[in-house]
Amino acid sequence: MANASGLLSPAVAPSVRRRLNPSIGVFQSGSWFSEGVFRRIVCSSTAQGAEKLSPSESGEPRLVSRGCKLVGCGSAVPNLQISNDDLSKIVDTSDEWISVRTGIRNRRILSGKDSLTDLAAEAAKKALQMAEVDPDDVDLMLLCTSTPEDLFGSAPQIQKALGCKNNPLAYDITAACSGFILGLVSAACYIRGGGFNNVLVIGADALSRYVDWTDRGSCILFGDAAGAVLVQACDSEEDGLFAFDLHSDGEGQSSCCPQSIELALEKAGLPGSSIDWLLLHQANQRIIDAVAARLQLPSERVISNLANYGNTSAASIPLALDEAVRNGKVKAGHKIATAGFGAGLTWGSAIIRWG
Numbered sequence: 065m066a067n068a069s070g071l072l073s074p075a076v077a078p079s080v081r082r083r084l085n086p087s088i089g090v091f092q093s094g095s096w097f098s099e100g101v102f103r104r105i106v107c108s109s110t111a112q113g114a115e116k117l118s119p120s121e122s123g124e125p126r127l128v129s130r131g132c133k134l135v136g137c138g139s140a141v142p143n144l145q146i147s148n149d150d151l152s153k154i155v156d157t158s159d160e161w162i163s164v165r166t167g168i169r170n171r172r173i174l175s176g177k178d179s180l181t182d183l184a185a186e187a188a189k190k191a192l193q194m195a196e197v198d199p200d201d202v203d204l205m206l207l208c209t210s211t212p213e214d215l216f217g218s219a220p221q222i223q224k225a226l227g228c229k230n231n232p233l234a235y236d237i238t239a240a241c242s243g244f245i246l247g248l249v250s251a252a253c254y255i256r257g258g259g260f261n262n263v264l265v266i267g268a269d270a271l272s273r274y275v276d277w278t279d280r281g282s283c284i285l286f287g288d289a290a291g292a293v294l295v296q297a298c299d300s301e302e303d304g305l306f307a308f309d310l311h312s313d314g315e316g317q318s319s320c321c322p323q324s325i326e327l328a329l330e331k332a333g334l335p336g337s338s339i340d341w342l343l344l345h346q347a348n349q350r351i352i353d354a355v356a357a358r359l360q361l362p363s364e365r366v367i368s369n370l371a372n373y374g375n376t377s378a379a380s381i382p383l384a385l386d387e388a389v390r391n392g393k394v395k396a397g398h399k400i401a402t403a404g405f406g407a408g409l410t411w412g413s414a415i416i417r418w419g
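Position one of the sequence shown corresponds to residue 65 (the working numbering), numbered consecutively onward.
Written as structure tokens, this is what we have:
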């Protein structure tokens, strides 16, 4: 998991950027292009925003002959809510101690015979309903989780729960808190290069089943939840994934969340001021605030539901997105900078458009 001290200082950023930049690829039409090769290619398709972008906004050309967009979302949480006051009865802590350091006040926890697979299936059903897509029309199902109920993968069980008669491919992606971003980019790759039309991306985790409930430093952080989006093929002019940036570092010593978003914005040819919303993995409010400050985004353009659910790992981004869409905060055409980080270390960001 990431912590606030993992954010790099401005002085370190240039060297990190030089180190990371050669490995950044731009995926278009099913191919990866290095920086040098990409700049030599001439194409007729340019990046599109919610409205027509000017040449200065469009930046580098994009080789997208087939686009993808987010057309549905859904989420599900357990019924059992555990407050900070509840935790103060089992470990040496308090509501003030937890909320000041993390921003968390409540979390939802699976109990008894509750199933993470059932939560994930519920979130997926809601996403399909919003998108008005029949389960039989799903071509691929990606379950982003580090806490599967089946060691060999829980995605097929969700496929079964949805009643998909055509047996679409379903498999798990394990990258903890950055898992949903990896799933989202994978969905785009399958659609742009593989001819898939409807891909379900589900983030679901039940970390409450693995934490030490006697350790006040960790048991206060996590909650259980599931969130899902339906990514659908579209014409290139409607493409809703502008750019992305993905990395891993086996030393696991640093978090590059702000730099990753800045690089993704650069690849998309979009200024930071064009972003309607910042949606980060909900790990710690201090991290969210620090990244927003680095990107010069005001708090009213930051999506956060951390106080209500805690750190839900791969579920946190789709859970927060679903709430923001359903309460009318995020509207069709809004551009969102989103990023996830953690697990080993992996991190990634994506610049997307809703609807």
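The beta carbon of each residue, even a glycine, is placed where N, CA and C say it ideally should be.
Could you have a look at residue i and say whether DSSP puts it in helix, strand or coil?
i: Trp418; result: strand
i: Ser312; result: strand
i: Leu72; result: Unreliable positioning characterises Leu72 in this predicted model, as indicated by a pLDDT of 37, which lies under 50. A coordinate reading is not provided.
i: Ala191; result: helix
i: Gly258; result: helix
i: Thr402; result: strand
i: Asn375; result: strand
i: Ser210; result: coil
i: Asn148; result: helix
i: Leu278; result: According to the sequence as given, residue 278 is Thr; it is not Leu. DSSP places Thr278 in coil when its eight states are reduced to three.
i: Gly138; result: strand
i: Arg350; result: helix
Measuring only the C-alpha atoms, how far is residue i from residue j?
i: Ala347; j: Cys137; result: 21 angstroms
i: Gly406; j: Ser242; result: 6 angstroms
i: Arg171; j: Ser368; result: 14 angstroms
i: Glu115; j: Ile400; result: At Glu115, the pLDDT of 41 sits below 50, so the modelled position is not reliable and the matter cannot be decided from this model.
i: Ala239; j: Glu387; result: 23 angstroms
i: Lys395; j: Val389; result: 7 angstroms
i: Thr166; j: Gly281; result: 11 angstroms
i: Asp182; j: Leu310; result: 30 angstroms
i: Ile415; j: Ser272; result: 30 angstroms
i: Gly336; j: Leu329; result: 7 angstroms
i: Cys107; j: Tyr373; result: The predicted model places Cys107 with a pLDDT of 26, which falls under 50 and marks its position as unreliable, so this point remains unresolved.
i: Phe260; j: Val197; result: 14 angstroms
Just to confirm before moving on: does the CB-CB distance between residue i and residue j stay below 8 angstroms?
i: Leu370; j: Asp288; result: no
i: Leu134; j: Trp418; result: yes
i: Ser324; j: Gly392; result: no
i: Ala225; j: Ile266; result: no
i: Leu359; j: Pro382; result: no
i: Ile352; j: Val366; result: yes
Just checking my contact of residue i with residue j at CB under 8 angstroms: how many whole Å lie between their CB atoms?
i: Cys208; j: Leu233; result: Between Leu233 and Cys208 the Cβ distance is about 15 angstroms, and since that is not below 8 angstroms, they are no contact.
i: Ala191; j: Leu294; result: 5 angstroms
i: Phe308; j: Val249; result: 5 angstroms
i: Cys132; j: Asp303; result: 7 angstroms
i: Ala357; j: Ala290; result: In fact, because the Cβ distance is near 30 angstroms, the residues do not count as touching under 8 angstroms.
For the candidate residues the options, whose alpha-carbon lies nearest to that of residue i?
i: Thr410; options: Ser272, Ala292, Asp276, Phe244; result: Phe244
i: Cys298; options: Val366, Gly408, Ala140, Tyr254; result: Tyr254
i: Asp276; options: Val141, Ser218, Leu334, Val155; result: Val155
i: Ile237; options: Thr402, Ala384, Ser377, Gly397; result: Ser377
i: Gln145; options: Ile284, Arg130, Phe308; result: Ile284
i: Lys153; options: Asp279, Phe260, Tyr235; result: Asp279
i: Gly404; options: Leu327, Cys320, Ser338, Gly333; result: Cys320
i: Gly408; options: Ala252, Tyr235, Ser363, Ser210; result: Ser210
i: Ala379; options: Leu204, Ile173, Asp269; result: Asp269
i: Pro203; options: Lys229, Ser363, Phe286, Asp214; result: In the sequence as displayed, the identity of residue 203 is Asp instead of Pro. Ranking the options by Cα distance to Asp203, first place goes to Lys229.
Is any heavy atom in the ligand ZN found nearer than 7 angstroms to the beta carbon of residue i?
i: Arg365; result: For the ligand ZN, the structure offers nothing, since it holds no ligand at all.
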